[in-house]
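To convert, note that position 73 of the sequence shown is 76 in the working numbering; the numbers rise steadily by one, no gaps. From the three backbone atoms N, C-alpha and C, an ideal C-beta is built for every residue, glycine too. Keep in mind it's a predicted model, so treat the numbers as computed, not measured. See structure below.
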Amino acid sequence: MSVRHTRHPTPAITQYASPGLIGAIVYAGHPPGDDDAWAVSGAPDRAAYGYWAGRWCGMACLRMALFARDGHAPPLYELMVGCTAHGGYVRREDGGVDGLYYRPFVEYVREAHGLRAEVSPSWGRTGSPTNSTGAAW
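Structure below.
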């Protein structure tokens, strides 16, 4: 795998379509599906956006990384669908979702997007992840 070090201007991306509604959604119970900008997420409808938006923090980070590398990135919903196909999110019988599971997510970003990634389960005394030598990052 070749490593590209291209750096493009990267927009601030949140898991919610309208950054101005984050406070209302997170702290005041405003339904995410009531966000008039929901379609920018790539979701097929308001209901799907409302269901998934609160679970897209990792997809927002991935989208920013892709923008930085490529200058463009798929919408959040598309990233979630790909990640789910790799087992990064798992739908439960009760309608809920488990995940983001990091190992399947890392497999997804490697296979689908050619990103170098690894899961680091080690935590040093500093409370920071450590690399394979034990040094804090």
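| Query | Result |
| --- | --- |
| Between which two residues does the beta strand (DSSP E) holding Asp37 run? | Note, Asp37: premise wrong, no beta strand (DSSP E); not H, not E. |
| Using the Cβ count rule (16 or more neighbours within 10 Å means buried), how would you classify Tyr92? | buried |
| For Val164, which three-state DSSP category applies? | The first residue shown for the chain is 4 and the last is 140, placing residue 164 beyond what the model contains. |
| Could you please give me the residues that DSSP links to Tyr80 through a beta bridge? | Tyr80 is not bridged to any residue. |
| So, with DSSP's three-state summary, where would you put Ile16? | coil |
| Could you tell me which uninterrupted alpha helix (DSSP H) segments, each at least 4 residues in length, are contained entirely in the region 35-109, listed from first to last along the chain? | 49-55, 60-73 and 79-88 |
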